[in-house]
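Data first, discussion second: the structure below is written as structure tokens.
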Amino acid sequence: MTAPDIDRDGPTLAERQARWISTLTYDAIPKDVRERARLLLLDFMGVARRGATLPQAALARALFADMGGNEQSSVIGGGSKTSAAYAALANGVSGHAFEYDDAHWNCGHPGVCVIPAVLALAEREGASGKEILTAIVAGYQAMVYAMGPINRITLDIGWHGTKVGGVFGAAAASAKLLGLSEAEIAQALAIAGSEASGTMEYDQSGGEVKRFHAGIPARAGVESAILAKAGLTGPLTIFEGLRGIHRLFSERSEVDVEAYWDGSWHIMNTFVKLYPMVGTTHAALDALGTILDRQQARMGEIIAIEVGLVDWALPHGAAIVHPHDMLSAQFSLAFACALRVLRGQVAFLDLADPEIRSDPEINALADKVTPVAMQVPDGADPLFGHVTVRFADGREDSELQIAPRGHPANPAGIEDVRCKFREVLSGLLDDAAIEQVIVAAENIEETGDAGMLVRMMG
Numbered sequence: 001m002t003a004p005d006i007d008r009d010g011p012t013l014a015e016r017q018a019r020w021i022s023t024l025t026y027d028a029i030p031k032d033v034r035e036r037a038r039l040l041l042l043d044f045m046g047v048a049r050r051g052a053t054l055p056q057a058a059l060a061r062a063l064f065a066d067m068g069g070n071e072q073s074s075v076i077g078g079g080s081k082t083s084a085a086y087a088a089l090a091n092g093v094s095g096h097a098f099e100y101d102d103a104h105w106n107c108g109h110p111g112v113c114v115i116p117a118v119l120a121l122a123e124r125e126g127a128s129g130k131e132i133l134t135a136i137v138a139g140y141q142a143m144v145y146a147m148g149p150i151n152r153i154t155l156d157i158g159w160h161g162t163k164v165g166g167v168f169g170a171a172a173a174s175a176k177l178l179g180l181s182e183a184e185i186a187q188a189l190a191i192a193g194s195e196a197s198g199t200m201e202y203d204q205s206g207g208e209v210k211r212f213h214a215g216i217p218a219r220a221g222v223e224s225a226i227l228a229k230a231g232l233t234g235p236l237t238i239f240e241g242l243r244g245i246h247r248l249f250s251e252r253s254e255v256d257v258e259a260y261w262d263g264s265w266h267i268m269n270t271f272v273k274l275y276p277m278v279g280t281t282h283a284a285l286d287a288l289g290t291i292l293d294r295q296q297a298r299m300g301e302i303i304a305i306e307v308g309l310v311d312w313a314l315p316h317g318a319a320i321v322h323p324h325d326m327l328s329a330q331f332s333l334a335f336a337c338a339l340r341v342l343r344g345q346v347a348f349l350d351l352a353d354p355e356i357r358s359d360p361e362i363n364a365l366a367d368k369v370t371p372v373a374m375q376v377p378d379g380a381d382p383l384f385g386h387v388t389v390r391f392a393d394g395r396e397d398s399e400l401q402i403a404p405r406g407h408p409a410n411p412a413g414i415e416d417v418r419c420k421f422r423e424v425l426s427g428l429l430d431d432a433a434i435e436q437v438i439v440a441a442e443n444i445e446e447t448g449d450a451g452m453l454v455r456m457m458g
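If you're matching positions, the sequence shown starts at 1 in full-length UniProt numbering and goes up one per residue.
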């Protein structure tokens, strides 16, 4: 492998990103992009509050309780404060704790890396609501700039795009919020590269460490920006260099960088999840639901469910049949299909319940689910799902879902997110408190108090 031809007289990719981030202003962000950022903020807040009730989030809170830290920033669901970096860690873990957070085709899960970093530093710095929203948009954009050229490739290899690229989104957002100069922002990104890592072996055999794959980048992004402000430097060729992120994680000498500098606001292409499952399963669950609705009056015994997915989705969501923990349940297409048939939904409380995971009837039906690789149908998104259900009386019914609900091609609106928010907070906050948080998040430019928003979550 030879060294790439880098124009030392021109900007590196880190410097190019830094220029874009440093010049971004709230007024330059289009109205629909601001609306999207508010929607994703609300989505994150609800998912993180429910996630804070899970054991993995408690472990993150125990970590900062043990390690200590200045009480700078509030922790969602913990009723406590810690340093901005540890608050970003804890809130990132909570947000990623049950696979219900937003996703992006080109970078993994941006919200749970970017938003915890923004909220933590915004509280510490006393940032305005407009500064919060601008930093969120910058973070999503930077995470796609960093991971877009390699994200699909890393998925095939087995790297987790969220863990590899999340630190760049968090560093960019943190640097913007701290008011770093263009040169300092470039250094923050360069420093962040030393934290990029993380395999996806969890999608083969489970393991709850995956929940930390958002919290760790959120923490590291905060620290990278703070260190850059203090004067630490990193390799400015962190993306395109011989030992840079793009080459190392893609195992390729050349990748397409320019496709992601097309003027798009990348936050607009974020996927809002409407199932607490890995995103590769969603279209199949939608298609199965359509069949079940259609066959409701004459269901009968199901003898087989065949699910067609794009080839690369099979190891990332269809490898596990009988889950042994919540994470493996959320990466089990077969188990989710069985839940959808027998319980009428795929609910986070069912996925978390050991008794339901070991239920003989559910597991017997899961054994009847067969995933198969398919070419992407004409007009369909790569996250399509094609389902055929076969019944004991010889009938069969098929359905193609060309893009899952919540996907940019089939988008979730604000009312969908409000309904999801109310669902995940049911039993945690009373109805009046839930509505107050919705209003506060949707009017963040006016409310502008990150600490208050977090504390409203209880």
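All C-beta atoms in this analysis are idealised placements derived from N, C-alpha and C, irrespective of residue type, glycine included.
Residue pairing by DSSP places GLY308 opposite VAL372 and HIS386 in a beta bridge.
Contact between the stretch 21-32 and the stretch 177-190 is established, with three or more Cβ pairs separated by less than 8 angstroms.
In the DSSP annotation of this structure, the continuous segment of the alpha helix (DSSP H) that includes GLU223 starts and ends at 212-230. Rounded to the nearest angstrom, the Cβ distance from LEU383 to GLY289 is 16 angstroms, too far for a contact under 8 angstroms.
Distances from the alpha-carbon of ALA284 to those of ARG343, GLY207 and VAL372 put VAL372 closest.
Beta-bridge pairing by DSSP links ASP397 to VAL389. Distance from ILE216 to LEU89 at the Cβ level is roughly 7 angstroms; contact confirmed, criterion being Cβ atoms closer than 8 angstroms.
Listed in chain order, the beta strand (DSSP E) runs fully inside the stretch 71-99 are 73-75 and 80-82, counting runs of at least 3 residues. Of the residues HIS386, VAL454 and LEU428, the one whose Cα lies closest to the Cα of ALA440 is VAL454. Taking each of GLU254, GLY458, ILE132 and ALA364 in turn and checking the Cα distance to ILE115, the smallest one comes out for ILE132.
Burial is judged here by how many other beta carbons sit within 10 angstroms of a residue's own beta carbon; SER253 has fewer than 16 and is exposed.
With contact defined as three or more Cβ pairs closer than 8 angstroms, the stretch 95-102 and the stretch 78-86 are not in contact. C-alpha of ALA28 to C-alpha of ARG38: approximately 16 angstroms in a straight line. Within the DSSP bridge table, the entry for LEU178 names no partner.
Taking 8 angstroms as the cut-off, the Cβ atoms of PHE44 and GLY111 count as close. Closest by C-alpha distance to SER264, out of GLU423, ARG247 and GLY148, is GLY148.
Taking the Cα of GLY161 as reference, the smallest distance to any Cα among ALA192, TYR145, GLY198 and GLY69 is reached at GLY198.
Three or more Cβ pairs closer than 8 angstroms define a contact, and the stretch 359-371 falls short of that threshold against the stretch 270-278. The DSSP-derived three-state label of PHE331 is coil. Boundaries for TYR260: no alpha helix (DSSP H) harbours it, and the DSSP string shows neither H nor E there.
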